[in-house]
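Trainee: Take this structure first; my questions come after.
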């Protein structure tokens with residue numbers, strides 16, 4: 001960001017914030033493998049990574065200067081008893097220490113920003129792709145897998161990017177120390193040049209084992225998380241059926257098995273941690289022993305011994321960074337495979353040049369079933385098999401087939417995603433999905449209720465407007481729910497609306513659909529969990545709230561059918577008759593029997 005007072009002066013903070021906003025989704029090439037994905041995260045914030053590498057290199061090279069200064073202070077100050085020289089070198093050592101401290105702080109702050117940026121980019125890419133997958137996500141990936149990717153894998157991959165700064169600095173410091181040691185003793189320099197690679201090679205087998213065992217552990221972790229999500233979602237049902245103890249025992253068995261896999265991962269991981277500390281210490285002791293013998297023989301000075309000790313002590317840091325970086329990258333490859341596995345899930349084909357949706361509220365047509373929804377009416381879609389009606393709604397709503405839909409529910413040749421269905425003569429398959437989702441809403445009883453305030457839940461993706469929210473709640477006969485809550489619209493509801501009853505959740509979902517004010521609302525049995533009086537009020541108010549727009553409801557309730565402008569009857573997935581409720585009772589025997597059975601059930 002450029003200051004108004006000084007147009008050419010750039011703020012470093014604004015510059016870094018600007019780079020964080022340059023997000024674009026990964027390409028298929030970026031998702032070719034875990035290392036390619038790590039490279040995408042790196043190049044996405046190339047400037048910050050370069051800054052981190054520069055600071056890491058400056059800090060690491062700066063650590064090599066104090067041993068040299070200390071050796072000069074010993075040889076020129078202590079050995080020759082020169083107080084002025086000793087004070088001069090001591091002050092220089094203090095200045096270099098302060099400068100290194102500032103560089104270290106800047107390096108750490110930059111590495112933290114790199115890690116957070118990588119984490120946010122991965123989360124954003126995951127959310128972006130899962131939103132593109134839409135309703136098909138639940139049938140391709142378990143909820144536990146998605147949770148584990150978002151909570152664990154993203155953090156592991158982001159952590160691996162922090163090696164970019166210390167890793168580059170460690171390599172440069174390694175070269176600088178080797179060159180300096182050559183000026184003191186070629187033998188010590190060769191020992192360092194050969195010893196450090198051997199230390200890195202020593203942990204190689206453990207890194208490979210981490211990658212192998214980590215993959216198995218990661219699979220079992222996702223499966224266990226899925227089971228936990230399922231248990232929490234069905235806890236009330238399990239309490240009612242008395243199966244909570246059995247499920248808890250199974251979960252305990254699986255969690256113990258996961259602990260066993262965790263031990264197999266922890267073994268090589270602990271060895272890497274131990275070797276990253278122990279091997280450099282042993283290496284330091286060997287080099288100091290050799291340099292002390294050389295000083296005793298007069299080959300090098302006492303100051304040189306101090307310098308060598310300092311150089312090798314500093315060299316411990318690059319060795320530790322190399323070993324830890326190897327472990328982090330090994331774990332990141334395992335986590336990265338899970339992330340790109342999710343991001344590589346294919347998305348339904350979308351037209352490259354979509355057609356605009358015609359102005360108005362329809363008509364909507366589904367030639368596979370023969371259903372035609374006339375604009376501006378409250379239409380009831382009734383079928384003996386619920387799946388038949390849901391299949392039509394899914395095609396009209398351009399959705400993937402849902403779990404409600406059975407293999408035999410749709411007519412032969414039927415497909416999902418709106419293929420064949422049309423809006424005002426324009427095939428839904430060639431319309432823009434974003435525009436369609438803004439003008440057409442499918443209200444499903446299984447639609448997710450996210451944790452948050454009532455205001456945010458009803459507003460959904462739209463900006464909250466309290467006046468409209470209250471109108472939507474009234475249209476769904478849900479105002480009494482909010483009135484009974486302690487903080488009204490500000491009351492925080494749990495995920496899934498678990499602190500509400502089934503009928504209350506149903507009305508809140510309908511209020512959310514009404515608040516969206518779409519041109520077309522396709523509601524799947526929105527009154528199935530309420531009593532007859534509430535059901536009648538819901539349909540009457542929904543008709544008033546949706547006046548002039550198109551509303552389709554799947555139902556077999558006589559109360560709803562009697563209030564519909566038009567009723568479409570499906571038989572084996574095909575339209576058998578169309579008319580008002582009263583006319584169909586007189587003219588359609590199949591419809592009369594279907595309504596009688598539904599009334600008897602009620």
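Numbering (UniProt numbering), first residue to last: 1 to 602.
Using N, Cα and C, we set each Cβ at its ideal position, and we do this for glycine too.
Is DSSP giving residue 358 helix, strand or coil here?
Mentor: DSSP places residue 358 in coil when its eight states are reduced to three.
Trainee: Name the two residues that bound the continuous alpha helix (DSSP H) containing residue 434.
Mentor: Element bounds for residue 434: 433-439.
Trainee: Would you mind stating whether residue 428 and residue 550 have Cβ atoms separated by less than 8 angstroms?
Mentor: It is not a contact, given that the beta carbons lie outside the stated cut-off.
Trainee: Looking only at its chain, what residues have a beta carbon closer than 7 angstroms to the beta carbon of residue 156, apart from the 5 residues adjacent to it on each side?
Mentor: 331, 332 and 335.
Trainee: Could you tell me the alpha carbon to alpha carbon distance between residue 181 and residue 90, rounded to whole angstroms?
Mentor: So the alpha carbons of these two residues sit roughly 22 angstroms apart.
Trainee: Between the region 455-475 and the region 375-392, do at least 3 Cβ pairs fall closer than 8 angstroms?
Mentor: The region 455-475, when compared against the region 375-392, does not touch it at the 8 angstroms Cβ threshold.
Trainee: If I follow the unbroken alpha helix (DSSP H) through residue 448, where does it start and stop?
Mentor: First-last for residue 448: undefined, no H or E at that position.
Trainee: So does the region 352-371 actually touch the region 566-574, counting three or more Cβ pairs closer than 8 angstroms?
Mentor: Result yes; three or more Cβ-Cβ pairs closer than 8 angstroms.
Trainee: According to DSSP, residue 427 sits in a beta bridge with which residue or residues?
Mentor: Beta-bridge pairing links residue 427 to 422.
Trainee: Going by CA-CA distance only, name the one from 308, 301 and 430 that's closest to residue 353.
Mentor: Taking only the C-alpha atoms, the option nearest residue 353 is 430.
Trainee: Taking DSSP's pairing of strands, which residues face residue 524 in a bridge?
Mentor: Residue 524 is bridged to 554.
Trainee: So, with DSSP's three-state summary, where would you put residue 372?
Mentor: In the structure shown, residue 372 sits in a strand (DSSP, three-state: E or B).
Trainee: Under 8 angstroms by Cβ, that's how I've got residue 288 and residue 314 pegged, so tell me the actual separation to the nearest angstrom.
Mentor: Contact flag wrong, Cβ pair sits at about 13 angstroms.
Trainee: Express the C-alpha separation of residue 137 and residue 119 in angstroms, rounding to a whole number.
Mentor: If you take the alpha carbons of residue 119 and residue 137, they lie about 22 angstroms apart.
Trainee: Taking C-alpha atoms, which residue in 111, 82, 535 and 149 lies nearest to residue 339?
Mentor: With distances taken between Cα atoms, residue 339 lies closest to 149.
Trainee: Which runs of the alpha helix (DSSP H) fall wholly inside the region 441-517 and span at least 4 residues, in chain order?
Mentor: For the region 441-517, whole alpha helix (DSSP H) runs of length 4 or above, ordered along the chain, are 454-459, 466-475, 479-484 and 502-515.
Trainee: Considering just the uninterrupted stretch of the alpha helix (DSSP H) at residue 112, what are its terminal residues?
Mentor: 83-133 is the extent of the alpha helix (DSSP H) around residue 112.
Trainee: Helix or strand or just coil, what does DSSP make of residue 572?
Mentor: DSSP places residue 572 in coil when its eight states are reduced to three.
Trainee: Can you tell me which of the three DSSP states residue 137 falls into?
Mentor: In the structure shown, residue 137 sits in a helix (DSSP, three-state: H, G or I).
Trainee: Going along the chain, which residues of its own chain have a beta-carbon closer than 8 angstroms to the beta-carbon of residue 607, five neighbours each way excluded?
Mentor: Limits of the chain in this structure are 1 at one end and 602 at the other, which puts residue 607 out of reach.
Trainee: Kindly identify the DSSP beta-bridge partner or partners of residue 577.
Mentor: DSSP output for residue 577 lists 569 as bridge partner(s).
Trainee: Pull the bridge partners of residue 383 from the DSSP assignment, please.
Mentor: According to DSSP, which records beta bridges pairwise, residue 383 is partnered with 570.
Trainee: Could you tell me the boundaries of the beta strand (DSSP E) in which residue 365 lies?
Mentor: Unbroken beta strand (DSSP E) run through residue 365: 364-366.
Trainee: By the 10 Å Cβ neighbour count, where 16 or more other Cβ atoms means buried, how is residue 87 classified, buried or exposed?
Mentor: Under this definition residue 87 is an exposed residue.
Trainee: Verify whether the separation of the beta carbon atoms of residue 106 and residue 55 is less than 8 angstroms.
Mentor: Going by C-beta atoms, residue 106 is nearer than 8 angstroms to residue 55.
Trainee: Less than 8 angstroms separating the beta-carbons of residue 440 and residue 518?
Mentor: The answer is yes: Cβ separation under 8 angstroms.
Trainee: Could you please give the first and the last residue of the uninterrupted alpha helix (DSSP H) stretch that includes residue 533?
Mentor: That run of the alpha helix (DSSP H) goes 532-545.
Trainee: Taking residue 443 and residue 513 to be in contact with their CB atoms under 8 angstroms, please state how far apart those CB atoms are, rounded to whole angstroms.
Mentor: Rounded, the Cβ-Cβ distance is 4 angstroms, consistent with contact.
Trainee: Between 462, 487 and 457, which lies nearest to residue 507 when the distance is taken from Cα to Cα?
Mentor: Here the closest residue by C-alpha is 457.
Trainee: Figure out for me which residue from 510, 309, 490 and 520 has the closest Cα to the Cα of residue 375.
Mentor: The option with the nearest alpha carbon to residue 375 is 520.
Trainee: What separation, rounded to the nearest whole angstrom, lies between the Cα atoms of residue 582 and residue 146?
Mentor: So the alpha carbons of these two residues sit roughly 49 angstroms apart.
Trainee: Nearest by alpha-carbon distance to residue 560: which of 590, 588, 84 and 524 is it?
Mentor: Of 590, 588, 84 and 524, the residue nearest in Cα terms is 524.
Trainee: Tell me where the alpha helix (DSSP H) around residue 60 begins and ends.
Mentor: Unbroken alpha helix (DSSP H) run through residue 60: 46-63.
Trainee: Under the assumption that residue 522 contacts residue 397 (Cβ atoms under 8 angstroms), give the Cβ distance between them as a whole number of angstroms.
Mentor: With a Cβ gap of about 5 angstroms, residue 522 and residue 397 count as contacting.
Trainee: Hey, quick one: how far does the alpha helix (DSSP H) through residue 160 stretch, first residue to last?
Mentor: Unbroken alpha helix (DSSP H) run through residue 160: 154-160.
Trainee: Pull up the distance between the alpha-carbon of residue 472 and that of residue 535, whole angstroms please.
Mentor: Computed Cα separation, rounded: 16 angstroms.
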